[in-house]
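K.L.:
Take 101 as the starting number for the sequence shown in our numbering and just add one per residue.
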Amino acid sequence: MATAILLLVLVPAAPAFAASGSDAGGGEAVVETLVETVVTHLSHALNPGTDLRCDEAAQRLETIAFSPTDGLIDYGFSPAQVLVKINLRNISAVAQERVIDLNSTFWQSITVCQIAAGAAPAELLRLHRDAPFGQRLIAYRNLVIPVVTDAGAEQTLLLAYRSGGTAQMKIDIYDRQAFFYRSVSETAQLMLFVGAAAFMVLYSFLNALKSATSVYIAYAVYVTTVVLYVIHMEGVSFQYLWPDSPRWNAVASAYLGLGAILFAVLFGVLFLDLRRRFPALFYLALAHMGVTLAALVIFSFGWQQVIKKWAFMISLAGGLLCCGFGVYSWIKGYREVRFYVLGWSILFAAGLLLTANHWLSGFMAVQVGYELTRWAVLVEIALFALALADQSSMVRRAYQHSLVREAELSASKARVTARLLESEKQRGNMLERLREQARYLATATHDMRQPLAAFKLSLANLAGDQPLEERQVAHMKQCVDYLDEVVEQTLEGELSRSGELLREDAAVDSVAERFELSDVLDNVAYIFGKEAAKKNIAFHYLGTSVVVEANPTTVMRIVSNLVSNAVKYTPAGRVVLGVRRRAGEACIEVWDTGPGIDARRLPALYRPLQQENSAAEGSGLGLAAVKALSESMRCTLTIHPKNAAAAVVGTHACLCLPRPVL
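1. Identify which residue in 396, 679 and 663 has its Cα closest to the Cα of residue 723.
2. Terminal residues of the continuous alpha helix (DSSP H) containing residue 633?
3. For residue 514, count neighbouring C-beta atoms within 10 Å of its own C-beta (all shown protein chains included) and say buried if the count is 16 or more, exposed if not.
4. Where does residue 144 land, buried or exposed, given buried means 16+ other C-beta within 10 angstroms?
5. Please go through the same chain and pick out, in chain order, the residues whose beta-carbon is closer than 8 Å to the beta-carbon of residue 439, but skip the five residues on each side of it.
6. For residue 313, which of helix, strand or coil comes out of DSSP?
7. Under a Cβ-count criterion, where at least 16 other Cβ atoms within 10 Å of its own Cβ denotes burial, should residue 255 be classed as buried or exposed?
8. Using the three-state DSSP reduction, which class does residue 488 fall into: helix, strand or coil?
9. Could you tell me the alpha carbon to alpha carbon distance between residue 190 and residue 276, rounded to whole angstroms?
10. At what residues does the alpha helix (DSSP H) containing residue 374 begin and finish?
11. When you compare only the Cα positions, how much space is there between residue 480 and residue 241?
12. Write down the C-beta distance between residue 742 and residue 697 rounded to the nearest angstrom, noting that I regard them as a contact closer than 8 Å.
13. Taking the alpha-carbon positions, what's the residue 286 to residue 504 distance?
14. Have a look at 372, 397 and 444 and flag the residue whose alpha-carbon is nearest the alpha-carbon of residue 432.
15. Classify residue 194: buried if its beta carbon has 16 or more other beta carbons within 10 angstroms, exposed otherwise.
16. In chain order, what residues of the same chain lie with their CB nearer than 6 Å to the CB of residue 519, ignoring the 5 residues before and after it?
17. What does the alpha-carbon distance come out to for the pair residue 752 and residue 512?
18. From the DSSP output, in three-state form, read off residue 146 for me.
19. In this structure, how does DSSP classify residue 407 when only helix, strand and coil are distinguished?
20. Return the Cβ separation of residue 201 and residue 267 in integer angstroms, given the expectation that the two are a contact with Cβ distance under 8 Å.
21. If you run the structure through DSSP and keep just helix, strand and coil, what is residue 207?
22. Compare the Cα-Cα distances from residue 427 to each of 208, 496, 279 and 374 and report the closest residue.
23. Give me the Cα-Cα distance between residue 478 and residue 347, rounded to the nearest whole angstrom.
24. Using DSSP bridges, identify the partner residues of residue 691.
25. Using only alpha-carbon positions, find the residue among 210, 655 and 251 that is nearest to residue 733.
26. Please work out which residues of its chain come closer than 6 Å, Cβ to Cβ, to residue 366, disregarding the five sequence neighbours upstream and downstream, and give them in chain order.
27. Do residue 639 and the ligand GDP come close, with the Cβ less than 7 Å from some heavy atom?
28. Roughly how far, in whole angstroms, is the beta-carbon of residue 140 from the beta-carbon of residue 331, given that I think they are within contact range, below 8 Å?
29. So within the region 187-249, which uninterrupted beta strand (DSSP E) runs reach at least 3 residues, ignoring any that extend past its ends?
30. With respect to the beta strand (DSSP E) encompassing residue 168, which residues constitute its N-terminal and C-terminal limits?
31. Less than 8 Å between the C-beta atoms of residue 759 and residue 686, yes or no?
32. Give the DSSP bridge partners of residue 270, in chain order.
33. Just the Cα atoms here: how many angstroms apart are residue 637 and residue 359?
34. Please name the residue, chosen from 667, 661 and 684, that lies closest to residue 730 on a Cα-to-Cα basis.
35. Which residue from 343, 262 and 333 puts its Cα closest to that of residue 355?
36. Going by CA-CA distance only, name the one from 384, 624, 361 and 227 that's closest to residue 395.
In structure tokens, the structure reads:
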């Protein structure tokens with residue numbers, strides 16, 4: 101769609117410029133061919149006195165020094181009345197009709213006086229700022245004056261006009277047929293522009309309604325104002341939109357032009373996201389918008405001539421800012437602004453030519469400048485539509501990529517969680533076996549040691565009451581000691597087998613792989629953060645993006661044990677879970693403000709069925725399992741005990757995992 105729009109704009113643009121050049125040449129050709137029938141002479145001057153009246157035109161002409169011209173009159177933004185004298189001499193044998201095209205759509209006031217030899221001056225036309233469009237001599241978008249010169253006669257037309265803006269005017273003189281062909285050609289080109297512009301306005305508003313986003317709404321309003329400005333400068337608005345509102349027509353160019361640049365800057369701010377990406381540029385854009393609004397307010401209450409003069413500079417500055425913002429965004433890597441930059445570059449070049457045309461007298465004809473601006477505006481609008489479409493496409497691709505990435509992360513976390521649940525199930529079965537074995541050993545040991553103790557006591561009593569031979573007593577004690585040693589060795593053997601069960605359990609998931617630690621630590625923080633909250637313990641989790649090479653299930657089991665113990669044995673305070681990067685390693689650290697572990701008890705806690713606090717709930721296998729799991733991955737696990745001398749509070753556990761070379 102956007103490509104078709106761009107083609108629609110570019111195809112009719114080429115013949116428009118070609119026709120513009122041929123028209124200018126054609127005008128000169130018409131004047132030259134008229135030498136045999138009507139000889140013309142143009143001159144101009146500023147009126148030094150009061151506004152001219154036709155009844156005193158003949159006397160006033162003798163006191164004013166006119167300067168000859170080839171048809172271009174330019175007094176800049178002069179507020180004075182401009183006088184143009186047109187001498188027509190018909191050297192043919194028949195009356196000749198000519199159409200004088202002023203190439204201007206509106207003047208605040210204009211008077212046309214006809215002065216002929218032997219006749220009183222006649223007023224052909226008088227228009228003031230309250231004159232509706234219907235008072236024109238010919239219903240055409242430009243001001244045109246038809247005039248008939250009799251055979252062999254000579255007459256002078258005196259034009260006196262005053263402009264509310266620039267006083268520049270280009271006068272062309274045609275016969276009726278040449279004017280007809282020219283008007284048809286220009287109207288056809290203008291209708292092509294209006295049709296394409298109306299399509300772009302409709303397209304922009306449909307997109308604004310569809311997306312309901314501020315950037316599309318700003319684009320739609322900008323397109324509407326800039327199209328209205330262009331067709332107003334072409335004279336179409338006064339002819340068709342508000343023909344009975346001449347006062348509004350006199351000031352509409354300033355309101356529409358400044359409004360267009362205001363919404364252009366607003367669209368640039370929203371499209372380029374200046375407030376978030378480049379705050380300094382955002383405030384610069386706000387400053388320009390403030391200046392534009394101030395100019396509109398001042399224009400509404402006076403100083404209209406001054407504001408119209410500086411409106412060109414304000415618009416030029418706005419275009420330069422928007423183009424510069426786009427280029428800066430491109431340099432910073434935002435590739436979706438390419439069509440935006442191209443559109444502003446084209447319009448900025450056309451605006452620069454138009455501004456130079458107003459400040460440099462005779463630079464080029466006003467109509468040529470407006471034609472350049474007209475098609476540059478339409479090309480810019482189409483490129484802005486492409487820029488919005490391009491940005492939307494990139495946003496969709498980025499969103500789809502984020503969805504795929506989120507799905508991959510969710511799947512990875514689901515796999516880790518599933519393996520963790522399976523491992524926890526196996527661990528639960530193992531713990532149950534160990535508990536049964538421990539209960540059996542405790543009962544057996546208790547049952548065996550009680551009779552042995554009684555037997556030893558009886559022997560002692562027997563030795564005290566009835567003296568026996570020393571050899572017999574020694575033999576009985578030796579048997580009892582041997583039996584006690586057998587029981588002790590049996591208990592140690594069972595504890596050793598418990599440790600082997602832990603090591604077998606640790607070897608279940610020992611395959612290493614690369615993964616992001618956040619996949620594991622996020623789950624741990626989510627699980628134990630709630631438990632800490634129930635105990636009114638502050639749980640701090642410092643996220644990470646580091647990648648390690650280990651078994652994620654084993655890592656999660658180790659960290660879960662460490663965090664679980666930290667939450668369980670911390671009566672009040674806080675628990676911290678985070679990652680510290682070291683050379684080639686990523687160390688997971690768990691800190692708590694609990695009672696800590698006695699350094700003398702730490703080696704024993706690495707053995708199964710041992711606890712620091714005998715009153716605490718649990719199996720007594722936590723640190724033993726953690727040690728076995730870390731050894732299965734050949735990773736370093738360090739438990740730092742409490743140190744009263746160094747004022748170390750609580751426990752600090754650290755598990756260091758290798759980081760792969762990426």
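All C-beta atoms, glycine included, are put in the ideal place defined by N, C-alpha and C.
P.N.:
So, from the data block:
1. Here residue 723 is taken as the residue at index 623 of the sequence shown, counted from 1. Ranked by Cα distance from residue 723, the options 396, 679 and 663 are led by 663.
2. The residue you call residue 633 lines up with position 533 of the sequence shown. 617-634 is the span of the alpha helix (DSSP H), which, as asked, contains residue 633.
3. The residue given as residue 514 occupies position 414 in the sequence shown. By the neighbour-count rule (16 or more Cβ atoms within 10 Å), residue 514 is not buried but exposed.
4. Position 44 of the sequence shown, counted from the start, is the residue given in the question as residue 144. So residue 144 ends up on the buried side.
5. On the sequence shown, position 339 is the one that residue 439 refers to. Within the same chain, residue 439 has close Cβ partners 483, 484, 486, 487 and 490.
6. Numbered from its first residue, the sequence shown carries residue 313 at position 213. Here residue 313 sits in coil by DSSP.
7. As a position in the sequence shown, residue 255 is number 155, starting the count at 1. Residue 255 should be labelled buried.
8. Looking up residue 488 in the sequence shown gives position 388. In this structure, residue 488 counts as helix in the three-state DSSP scheme.
9. Within the sequence shown, the letter at position 90 stands for residue 190. Within the sequence shown, the letter at position 176 stands for residue 276. Cα atoms of residue 190 and residue 276: separation of roughly 15 Å, rounded to the nearest angstrom.
10. Position 274 of the sequence shown, counted from the first residue, corresponds to residue 374. For residue 374, the enclosing alpha helix (DSSP H) covers residues 374-377.
11. Mapped onto the sequence shown, residue 480 falls at position 380. Mapped onto the sequence shown, residue 241 falls at position 141. Spanning the alpha carbons of residue 480 and residue 241 requires a straight line of approximately 25 Å.
12. The count along the sequence shown starts at 1 and reaches residue 742 at position 642. The count along the sequence shown starts at 1 and reaches residue 697 at position 597. Yes, residue 742 and residue 697 are in contact; Cβ-Cβ is about 6 Å, under 8 Å.
13. Along the sequence shown, one-based indexing puts residue 286 at 186. Along the sequence shown, one-based indexing puts residue 504 at 404. In a straight line, the C-alpha of residue 286 is about 55 Å away from that of residue 504.
14. Mapped onto the sequence shown, residue 432 falls at position 332. Taking only the C-alpha atoms, the option nearest residue 432 is 372.
15. Here residue 194 is taken as the residue at index 94 of the sequence shown, counted from 1. Exposed.
16. Counted from its first residue, the sequence shown places residue 519 at position 419. Excluding positions up to five away in sequence, the list reads 653.
17. Against the sequence shown, residue 752 aligns to sequence position 652. Against the sequence shown, residue 512 aligns to sequence position 412. Within the model, the alpha-carbon separation for residue 752 versus residue 512 is close to 29 Å.
18. Taking the sequence shown and counting its residues from 1, the one referred to as residue 146 is at position 46. Reduced to three states, the DSSP call for residue 146 is strand.
19. As a working note, residue 407 is residue 307 in the sequence shown. Helix at residue 407.
20. For this step, residue 201 is matched to residue 101 along the sequence shown. For this step, residue 267 is matched to residue 167 along the sequence shown. Contact doesn't hold; Cβ gap of about 17 Å is too wide.
21. As a working mapping, residue 207 is identified with position 107 in the sequence shown. Reduced to three states, the DSSP call for residue 207 is coil.
22. One-based indexing of the sequence shown puts residue 427 at position 327. Checked all of 208, 496, 279 and 374; the closest Cα to residue 427 is 374.
23. Stepping through the sequence shown from its first residue, residue 478 is reached at position 378. Stepping through the sequence shown from its first residue, residue 347 is reached at position 247. If I take the Cα positions, the gap works out to 28 Å.
24. For this step, residue 691 is matched to residue 591 along the sequence shown. Under DSSP, the beta-bridge partners assigned to residue 691 are 676 and 752.
25. The sequence position of residue 733 within the sequence shown is 633, counting from 1. The option with the nearest alpha carbon to residue 733 is 655.
26. Stepping through the sequence shown from its first residue, residue 366 is reached at position 266. Within the same chain, and ignoring the five residues on either side of residue 366 in sequence, the residues whose Cβ sits closer than 6 Å to its Cβ are 318.
27. Here there are no bound small molecules, and the ligand GDP is not part of this structure.
28. Here residue 140 refers to the residue found at position 40 of the sequence shown. Here residue 331 refers to the residue found at position 231 of the sequence shown. Rounded to whole angstroms, the Cβ separation of residue 140 and residue 331 is 32 Å, and the two are not in contact under 8 Å.
29. DSSP runs (the beta strand (DSSP E)) wholly in the region 187-249: 196-201, 209-216, 222-227 and 244-249.
30. Position 68 of the sequence shown holds residue 168. Run containing residue 168: 167-169, per the beta strand (DSSP E) assignment.
31. In the sequence shown, the residue the question calls residue 759 occupies position 659. In the sequence shown, the residue the question calls residue 686 occupies position 586. Going by C-beta atoms, residue 759 is nearer than 8 Å to residue 686.
32. By 1-based counting over the sequence shown, the position of residue 270 is 170. For residue 270, the pairing in a beta bridge is given by DSSP as 172.
33. Taking the first residue of the sequence shown as position 1, residue 637 is located at position 537. Taking the first residue of the sequence shown as position 1, residue 359 is located at position 259. Their Cα atoms are separated by approximately 59 Å.
34. Reading the sequence shown from its first residue, position 630 is the one you call residue 730. Check the Cα spacing between residue 730 and each of 667, 661 and 684: the tightest is with 661.
35. The count along the sequence shown starts at 1 and reaches residue 355 at position 255. Distance from the Cα of residue 355 is smallest, within the candidate group 343, 262 and 333, for 333.
36. Within the sequence shown, the letter at position 295 stands for residue 395. Checked all of 384, 624, 361 and 227; the closest Cα to residue 395 is 361.
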